[in-house]
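Step one of this worksheet: look at the structure below.
There are 2 protein chains.
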Amino acid sequence: MIQELRDSYGNQFEDALIYEIVQVGTFKEIPAGFKMIEVGDYIKGMPLLVSGVIKVLRDDKDGDELLLYYLETGDTCSMTMTCCIGEVKSEIRAIAETDAKLIMIPIRKMEEWTAKYKSWRNFVFESYHNRLNELLVTLDSVAFNKMDERLVDYLKEKARVNNETSIHNTHQEIAYELHSSRVVISRLLKKLEKLGKIELHRNYIEIINL
Amino acid sequence: MIQELRDSYGNQFEDALIYEIVQVGTFKEIPAGFKMIEVGDYIKGMPLLVSGVIKVLRDDKDGDELLLYYLETGDTCSMTMTCCIGEVKSEIRAIAETDAKLIMIPIRKMEEWTAKYKSWRNFVFESYHNRLNELLVTLDSVAFNKMDERLVDYLKEKARVNNETSIHNTHQEIAYELHSSRVVISRLLKKLEKLGKIELHRNYIEIINL
DNA sequence: TTGTATATGTAACCATTGTTACTGATGGAT
DNA sequence: ATCCATCAGTAACAATGGTTACATATACAA
Chain S
1 MIQELRDSYG NQFEDALIYE IVQVGTFKEI PAGFKMIEVG DYIKGMPLLV
51 SGVIKVLRDD KDGDELLLYY LETGDTCSMT MTCCIGEVKS EIRAIAETDA
101 KLIMIPIRKM EEWTAKYKSW RNFVFESYHN RLNELLVTLD SVAFNKMDER
151 LVDYLKEKAR VNNETSIHNT HQEIAYELHS SRVVISRLLK KLEKLGKIEL
201 HRNYIEIINL
Chain X
1 MIQELRDSYG NQFEDALIYE IVQVGTFKEI PAGFKMIEVG DYIKGMPLLV
51 SGVIKVLRDD KDGDELLLYY LETGDTCSMT MTCCIGEVKS EIRAIAETDA
101 KLIMIPIRKM EEWTAKYKSW RNFVFESYHN RLNELLVTLD SVAFNKMDER
151 LVDYLKEKAR VNNETSIHNT HQEIAYELHS SRVVISRLLK KLEKLGKIEL
201 HRNYIEIINL
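Heads up: the sequence lines are chains S and X, in that order. Take the first sequence: its position 24, counting from 1, is numbered 24 in the UniProt record's numbering, and each next residue is one higher. Take the second sequence: its position 193, counting from 1, is numbered 193 in the UniProt record's numbering, and each next residue is one higher.
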C-alpha cells in the first residue's frame, strides 16, 4: 500500500502523513462496473484513488441520468468529503469505469489531518477546486453546446481516461450518460462515421480522427 | 462591523475568531448592480456576505451567460476560496443583485484559520458543500427541465432572494440569465400570464400564484 | 406635444432533438 | 443450424426552442 501511495500522492504528502494514511486506511480493489455509491447512500469514508477511473453520475427523480465527470489517479471525491462531515445522503452515483484501487480513510481522520497537515489542507482544497471546475465544464457543455459537440467531447474524454482508441459501449449506454435517446445518438454517430472520424461496430466504436 | 458579524455568523464562529476577523477584515458596502468579479480576474480576498444578495454567473467564450446561483447572508464564495489559494483566474462573474455588505478577508488568514479554528473549517467545508449542491441543482435544471419549468423556477427563486412578489427585469435580461432568447421568454411569460400565474408589465413582472 | 429609445407582442419559419415504429444485423446458446 | 435477445439503421413525425421580421406600446426627454 505504501508504495502505491507514494506513486500517486508522494509528491504532495509528507512522509508523516503517508505513514498515518497507511496506519488507518483500508486498501480496496474494485472491479470495473462496480457500483460504489448510489444516490441516497450514507458515506462512511473518504476514498483516495490510487489507480483506475471512477465515473460520477447525477440521477434525477425520473430515472434520468447524466455523466458529471471522471475521477482519476490522485483524485478524491469532494462530494464524499462534504457528505461525510454533515452525515448527509449522497447526491450522486459513482461507478468504477475501469478496475480501480483505492484507500479508504475514516472520516474522523480527515478532519484531524486538516488541522494537522498543510499538505492535506492543500490537497483537500485543490480537490474541491478541481471538482467545482469539472462541474462547470459539464454545465458549459450541457448549457452551451449542441448534442453533436457533446457527443464528440464525450468520446474523446472516454477514450482519454481509458487510454484507448475505442469506446466499448452501446449507443444506448452513451445516450443515458448524455441524457439523450438512443436514436439521436445513433444518428449523430452515423454522421461522424460518414465524416471519417469514427468507425462503428457492434458494442464498440473505433476512433479514427476526432 | 462586529455587530453585523455576530448577527450573520455569531452562531457558528467562536468569539476569538470573530475578534480576529474584525482585526483583519475590511468592511465594504456594494450597490446593487455592481460588478464584483469578472471572468479572468485574479482574486485578492475572500468575501463574507453580511447582508444582501450576490448573483454568480457563468460566461462562455461567445458571450453567452448563465445564472449559476445566488449568495445570501452568511454565505461565502467557494469559487473565490479556491482561486485565492492557487492564484488562479476566476471562472465566473459575480454581480450584486441587491445592495450588499460584506467583509473581505485576506487570503493568508484564511489558510491560517483553517488550521486554527474548528468552526472555520466547518464553515469552509459547509460552504463548499452548499456550492457544489447548488451547482448540481442548476445542472439538473439545465439538463433535465424544459425552458418553461426553468423559467418558473427562475422567477420563484428571484422573488425569494429579493423578498418581493415582483421581478424587476426585462424579458431580455431574463433570457440572458437562462441562456435563451428574448422571444422565447416573452412567449413563455405570456403563456404564464394567460394561466393567471403572473401579470406582465413594462420592466417588471408581478407574481400572482406560481 | 413630438420624437426617440427601449420594451413587448406575435407570426412565420427553421433547426435540433426526441419519439414511434419498424427493419435488418450480429452473436451467442441450444 | 436454428432460435433468440440485443444492437444498430432509418424513416416519418412531433415538440421544443431559436431566428427573423415587423407591429405596437411605453416612458421619457426635448
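The beta-carbon is built from N, C-alpha and C at its ideal position, and this holds for glycine as well.
When DSSP reads this structure, Val56/X sits in a beta bridge with Tyr69/X and Ala94/X. For the pair Val152/S and Tyr70/S, the CB atoms are not nearer than the 8 Å cut-off. Looking at the DSSP output, Thr80/X bridges to nothing.
Counted as a single uninterrupted DSSP element, the beta strand (DSSP E) harbouring Tyr204/X occupies residues Tyr204 to Ile207. Contact between Pro47/X and Met104/X holds, since their C-beta atoms are separated by about 6 Å, short of 8 Å. Contact with chain S is found for Asp64/X, since one of that chain's Cβ atoms lies less than 8 Å from the residue's Cβ. Annotation: Arg150/X has no Cβ neighbours in chain S at a cutoff of 8 Å; minimum Cβ distance is about 11 Å. In the displayed model, Glu38/X falls within coil according to three-state DSSP, outside both helix and strand. Cβ contact annotation for Arg93/S (same chain, cutoff 8 Å, sequence separation greater than five): Lys35, Ile37, Glu38, Val39, Val56, Leu57, Arg58, Asp59 and Glu65, in chain order. In chain order, Ser78, Met79, Thr82, Glu91, Tyr128, Arg131, Leu132 and Leu135 make up the part of chain S whose C-beta sits under 9 Å from the C-beta of Leu132/X. Taking every protein chain shown into account, the CB of Tyr176/S has 16 or more other CB atoms within 10 angstroms, so this residue is buried.
Of the residues assessed, Ser181/X falls on the exposed side of the cut-off, its CB having fewer than 16 other CB atoms within 10 angstroms. Shown here, Thr26/S sits in a strand according to DSSP, grouped into three states. For Ala94/X, the closest Cβ of chain S is not nearer than 8 Å.
Neighbours of Asp60/X across chain S, judged by C-beta separation under 7 Å: Asp140 and Phe144. Closest option to Ala32/S, judged by alpha-carbon separation, among Leu188/S, Glu206/S, Lys101/S and His171/S: Lys101/S.
Non-local C-beta neighbours of Glu134/X in its own chain, meaning closer than 8 Å and more than five positions away in sequence, comprise Leu68 and Tyr69, ordered along the chain. Distance from the CA atom of Leu195/S to the CA atom of Ser141/X, rounded to whole angstroms, is 33 Å. Taking the Cα positions, Leu178/X is about 8 Å away from Arg150/X. Taking 8 Å as the cut-off, the beta carbon of Glu4/X is found no closer than this to the beta carbon of Val53/X.
Closer than 8 Å to the CB of Arg182/S there is not a single CB belonging to chain X.
The shortest CA-to-CA distance from Tyr128/X to any of His168/S, Glu112/S and Thr80/S is the one to Thr80/S.
At least 8 Å separates the CB of Arg108/S from every CB of chain X. In terms of CA proximity to Asp62/X, Ala143/S leads the group Ala143/S, Ile30/S, Met147/S and Asn163/S. Note on geometry: alpha-carbon atoms of Ile43/S and Ile198/S lie some 40 Å from one another.
Taking a cut-off of 8 Å on C-beta distances, the segment 163 to 175 of chain S does not touch the segment 116 to 130 of chain S, as fewer than three cross pairs fall below it. Assignment of His201/S by DSSP, reduced to helix, strand and coil, places it in the strand class.
In terms of CA proximity to Asn130/X, Cys77/X leads the group Cys77/X, Lys118/X, Asp15/X and Glu157/X. Met46/X carries a strand assignment under DSSP once its states are collapsed to helix, strand and coil.
With a threshold of 8 Å between beta carbons, His179/X makes contact with chain S. The straight-line gap separating the alpha-carbon atoms of Leu200/S and Ile207/S is approximately 9 Å. Contact annotation for Arg6/X against chain S: no contact, minimum CB-CB distance about 24 Å [criterion: below 7 Å]. Restricting attention to Leu192/X, Asp41/X, Ser51/X and Asn145/X, the CA atom closest to the CA of Ser90/X is found in Asp41/X.
Under a 10 Å Cβ-count criterion, Arg121/X is classified as buried, with 16 or more other Cβ atoms of the shown protein chains found around its own Cβ.
Around the beta carbon of Phe27/S, fewer than 16 other beta carbons lie within 10 angstroms, which makes this residue exposed. By alpha-carbon distance to Leu49/X, the top candidate from Gly25/X, Lys158/X, Gly74/X and Ile21/X is Gly74/X.
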